[in-house]
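Heads up: the sequence shown runs through residues -22 to -1, 1 to 141, numbered per mature numbering (1 follows the signal peptide of the UniProt record, and there is no 0).
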Amino acid sequence: MNFKKVSLITAIAVSTMFTAMAADTAQPNQSMINSSQRSGQVMSNTEETMVTTSGKVVAKQTAGRRVLGEFAPTFAHLNDDVLFGEVWSRDLELPAKQRSIITITALVSQGLISDALKAHFEMGKKNGITKDEIAEILTHIAFYAGWPKVWGAFPIAKEVWGE
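See below:
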């Protein structure tokens, strides 16, 4: 299988999963907890929540398991527990807002104007990206990734930021 086919298959799978994730990411972070600095390790609090490296209690990601069930349990585990459970929770190492900017840039640059992008726009807004910032981020991306890709992203951004 060539690289382009693998990339397309991966993009379709991730896009499908992000449709379901939009509901999960719309949940706001819960209250802060008192804790000493953790060693970069995510500590589980309950089946529904987890603790980030900075001590925030947040909802666990479950979209991979919900969408894929037993069809692709390894992929669901990597999505829910590793990507969103471990990587996104390392907020001392890189704040969630910056992770959102990086992810949005990667998706738009690849031309993945889909439910995945909308889910990450929603997550980015929740992580503190303002309307003015997303407009500037997309404008900047246009010069490096291509005008048509960003034109495709703006209607989704306008929907998420309420215009």
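Ideal placement from N, C-alpha and C gives every residue a C-beta, glycine not left out.
Asked: As assigned by DSSP and simplified to three states, the class of ALA50; Found: coil
Asked: Burial state of ASP69, where buried means 16 or more other Cβ atoms lie within 10 Å; Found: buried
Asked: Touching by the beta-carbon criterion (3+ pairs, under 8 Å), the stretch 43 to 51 and the stretch 66 to 86; Found: no
Asked: Neighbour-count burial assignment, THR30, 16 or more Cβ in a 10 Å radius; Found: buried
Asked: Backbone CA spacing between PHE62 and ASN105 [nearest angstrom]; Found: 14 Å
Asked: Helix, strand or coil at THR31 [DSSP, three-state]; Found: coil
Asked: 8 Å Cβ cutoff met for GLY89 and LYS127; Found: yes
Asked: VAL138 and LYS96 closer than 8 Å at C-beta; Found: yes
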